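Residues 0 to 147 in numbering that gives the first Met the number 0 are what the sequence shown lists, from first letter to last.
Every residue gets a Cβ at the ideal spot worked out from N, C-alpha and C, and that includes glycine.
Bear in mind that the values here come from a model prediction, so they are computed numbers and not experimental data.
What follows is one structure encoded as structure tokens, with my remarks underneath.
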Amino acid sequence: MDPVQRLLAERACERLILEFVHRLDLGEPAEVAELFTEDGSWEWPPPGDGRAVRGRAALREYFGGRPADRLSRRLMSNVLVTVVSPDAATAVSYFSTHRVDGYTGGLVPAGPPVQIGHYADRFRRTGGRWLLASRVLHLPFGGPTPRV
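Written out as structure tokens, the structure is:
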């Protein structure tokens, strides 16, 4: 790949990483599924709770099932995308999640994040568009979601 193609691929993958959290926090959570390939997967391996969701329809159902009264904001940083071929890339990115349930509006007092970890992503270019092929969540710091 020439340097411009590599840069465009990196930027497209970085945008997917940011679009994922934007849709969860500010959009429609079920729409996260559209950022994945048809056979894409999201996994939270042990020592987490051992969840694995595969396929766009299952991802739509999983993320769309988030509580309606949940308020969250995720902060992303240290995004490192590695393009391995014209149609494949990987990335590691750090996140922290601030979240409460029972939200009915207004200002919520700030508290510590309920999660801090990183995502390990694999991307695939399909039909000229970069999509997530898999996302694995690694969570070394976590706790319960407080209620407002």
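State the CB to CB distance for the pair residue i and residue j, rounded to an integer number of angstroms; the pair is presumed to be in contact (CB under 8 Å).
| i | j | result |
| --- | --- | --- |
| Leu70 | Val107 | 6 Å |
| Ser95 | Ile115 | 5 Å |
From which residue to which residue does the alpha helix (DSSP H) around residue i run?
| i | result |
| --- | --- |
| Arg123 | Element bounds for Arg123: not the alpha helix (DSSP H) but the beta strand (DSSP E), Gln114 to Thr125. |
| Glu30 | Where Glu30 is concerned, there is no enclosing alpha helix (DSSP H), given that its DSSP letter is neither H nor E. |
Closest to residue i by C-alpha separation, out of the options, would be which residue?
| i | options | result |
| --- | --- | --- |
| Pro85 | Phe122, Ile16, Gly26 and Gly142 | Phe122 |
| Val82 | Glu27, Glu37, Asp120 and Pro139 | Asp120 |
| Arg55 | Arg146, Ala8, Leu130 and Val113 | Leu130 |
| Pro28 | Leu136, Leu138 and Glu60 | Glu60 |
| Leu23 | Asp1, Arg65 and Phe35 | Arg65 |
| Gly127 | Ala8, Val31 and Arg50 | Ala8 |
| His137 | Ala88, Asp48 and Tyr102 | Asp48 |
| Pro45 | Val135, Gly142, Val147 and Arg14 | Val135 |
| Arg124 | Pro111, His117 and Leu15 | Leu15 |
| Val63 | Met75, Gly26, Trp43 and Gly104 | Just to set this straight, residue 63 is Gly in the shown sequence, not Val. Considering only alpha carbons, the answer is Gly26. |
| His117 | Met75, Leu6 and Gly142 | Met75 |
Determine, using beta carbons only, whether residue i and residue j come nearer to each other than 8 Å.
| i | j | result |
| --- | --- | --- |
| Trp41 | Leu58 | yes |
| Asp100 | Asp68 | yes |
| Ala88 | Val78 | no |
| Thr144 | Arg98 | yes |
| Ala90 | Cys12 | yes |
| Ala102 | Val31 | Note on residue identity: the sequence assigns Tyr, not Ala, to residue 102. The answer is no: Cβ separation not under 8 Å. |
When DSSP labels each residue in this structure, what does residue i get in the three-state scheme?
| i | result |
| --- | --- |
| Pro139 | strand |
| Tyr61 | helix |
| Ala11 | helix |
| Leu23 | helix |
| Ala56 | helix |
| Leu17 | helix |
| Leu6 | helix |
In the DSSP assignment, the beta strand (DSSP E) including residue i goes from what residue to what residue?
| i | result |
| --- | --- |
| Met75 | Leu70 to Ser84 |
| Gly39 | Phe35 to Trp43 |
| Arg98 | Ala87 to Val99 |
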